[in-house]
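*Asks:* Residue numbers (our numbering): 1461 to 1758.
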Amino acid sequence: MTDTNRRGSITMWAWVVSVAAHILLLAVFAVARFSMSAGGSLSAITPAVTVAQIEEITNQSRILPKPKVKPVLLNRSAGKRQKTSFSLPGPTVSAENPLPLPQTLARSSIELLARKPILNTGVEFFGQSTDLRKICYVVDCSGSMQGLFSRVRKQLKTSISNLPPDHYFYIIFFHGDQLLESGSGKIIRATPKAKSAAYNFIDDVRPGQTTNALAALERAMRLRDPGGKACELIYFLTDGVDLDRADASDFALIVENLRKKLAHSTRINTIGFWAQPQDCEILQAVAKRSGGRFTNID
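(1) Can you tell me which residues form a DSSP beta bridge with Lys1646?
(2) With DSSP as the reference, please indicate the residues paired to Gly1732 in a beta bridge.
(3) Using 9 Å as the threshold, is the C-beta distance between Val1412 and Ile1631 below it?
(4) Leaving aside the five residues before and after Tyr1695 along the sequence, list all residues of the same chain whose C-beta is less than 6 Å from its C-beta, in chain order.
(5) On a CA-only basis, which of Ser1725, Lys1646, Gly1752 is nearest Thr1590? Give me that one, please.
(6) Using 10 angstroms around the beta-carbon of Ser1610, count the other beta-carbons present and answer buried if the total reaches 16, otherwise exposed.
(7) Going by the CB atoms, is the gap between Thr1698 and Ile1731 shorter than 9 Å?
(8) Does Lys1594 pass the burial test, meaning 16 or more other C-beta atoms within 10 Å, or should it be called exposed?
(9) Relative to the C-alpha of Ala1654, which candidate in Asn1622, Gly1587, Arg1679, Gly1668 has its C-alpha closest?
(10) Nearest by alpha-carbon distance to Ala1676: which of Asp1685, Tyr1659, Arg1719, Ala1658 is it?
(11) Mapping DSSP to helix, strand and coil, what is Cys1740?
(12) In angstroms, rounded to a whole number, what distance separates the CA positions of Ile1620 and Ala1650?
(13) Of all the options Gly1603, Tyr1659, Leu1713, which has the alpha carbon lying nearest to the alpha carbon of Leu1616?
(14) Excluding five sequence neighbours on each side, which residues of the same chain lie with their C-beta closer than 8 Å to the C-beta of Leu1608?
(15) If you follow the alpha helix (DSSP H) that Phe1661 is part of, which residue opens it and which one closes it?
(16) Where does Ile1483 land, buried or exposed, given buried means 16+ other C-beta within 10 angstroms?
(17) Excluding five sequence neighbours on each side, which residues of the same chain lie with their C-beta closer than 7 Å to the C-beta of Val1665?
(18) Could you tell me the distance, in whole angstroms, from the CA atom of Glu1692 to the CA atom of Asp1758?
(19) Would you mind sorting Val1746 into buried or exposed? The rule is 16 or more other CB atoms within 10 Å of its CB.
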C-alpha cells in the first residue's frame, strides 16, 4: 500500500515536470519568434537617406525661376492699348526684341514733339532773327552802296516774304536828304498783296547821293500801326554814317534821345555793311542803348 502510493506520487511529479518543461520550451520559442519579428520590422523602416545628406541638401542655394514681368500699357489717353515688354538692349530692334521701356518712352516723346508744330516765324534780316511782330526796315541806298545793293535787295525781299500774316512792316530807304517810303506813315499788315507791292517798291530803288541816316531813323520812330502803336523793332542797315568825328561822338546819344521821346519801347538792331571800325563803334552804341543787337557784314 505504501509502495503503491509512492509510485503514484512519483508519476504525478513526472507529469508536472514534463508539463513545466514543455511550457518553458514554448515560452523560449515564443520569445525567440517575437525577437525575430521585431528585428525584421526595425530593419524595414530604416531610412534610406541619412541626416547628414538631408543637411547638405538644405544648405544648398535655392534655384529660383526667372521672374515674369507683366506688359505695360501705353497711350491710354488715345484709346489704344500698346504692349511694351522689357528685354535686354541689343543692336537691333524687332518684334522679338523690342526696345526697353526707357528707350520706348523717349522714342514716344520724340515722336510727339515731331508731330507738334514748333513756333518759328523765320523772320530775320542778315542773320538777325526776331519774334517781334511790328518791324520797320531802315536801309541805306546812298551812292556808296552801289556795288552792294543787289545783295541788300535779295535779303530784304526774303525777310519780308517770311513775315507771317499777323505781322506788320514798313520800309524806308534813305539817301541825301530824301526818304523813300513803302507807305504813307502807317505800318501795314503783311498780306500777300502788301508783300507784292513791297517787292516792286524795292526793285524801283536805285542807290545814289550821300548818307543822312538820322532823318530816316526819326521817321521810323514816328510810324504807327492802325491802333496807334509804334514799331517794336527797327532794322537799321548802312555802310557808314558819313559823320565827322565831332558829330559821330553824339550820334548814338541823339538817336537814343529820339527813341525815348518818340518810341521808348522800340529796339534798334544795327547792321554794318562793310562798315569802317569807327562806324561799327557808332552802330554798336546805337544798338546797345536800345537793347538791340549789332552785326557787321563783310
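All residues carry an ideal CB built from backbone N, CA and C; glycine is no exception.
*Replies:* Walking through what the data contain:
(1) Arg1684
(2) Thr1698, Asn1756
(3) Not covered by the structure: residue 1412. The range shown for the chain is 1461 to 1758.
(4) Exclusion of the five residues before and after Tyr1695 leaves Phe1585, Tyr1597, Asn1729 as the residues of its chain whose Cβ lies within less than 6 Å of its Cβ.
(5) Gly1752
(6) Exposed, since its Cβ has fewer than 16 Cβ neighbours within 10 Å.
(7) A Cβ-Cβ contact shorter than 9 Å links Ile1731 with Thr1698.
(8) buried
(9) Asn1622
(10) Arg1719
(11) helix
(12) 8 Å
(13) Per the Cα distances, Tyr1659.
(14) So the qualifying residues of the chain are Asp1699, Phe1733, Trp1734.
(15) 1652-1664
(16) That one is exposed.
(17) Excluding residues within five positions, the ones whose Cβ falls inside 7 Å are Cys1601, Phe1633, Leu1640.
(18) 27 Å
(19) buried
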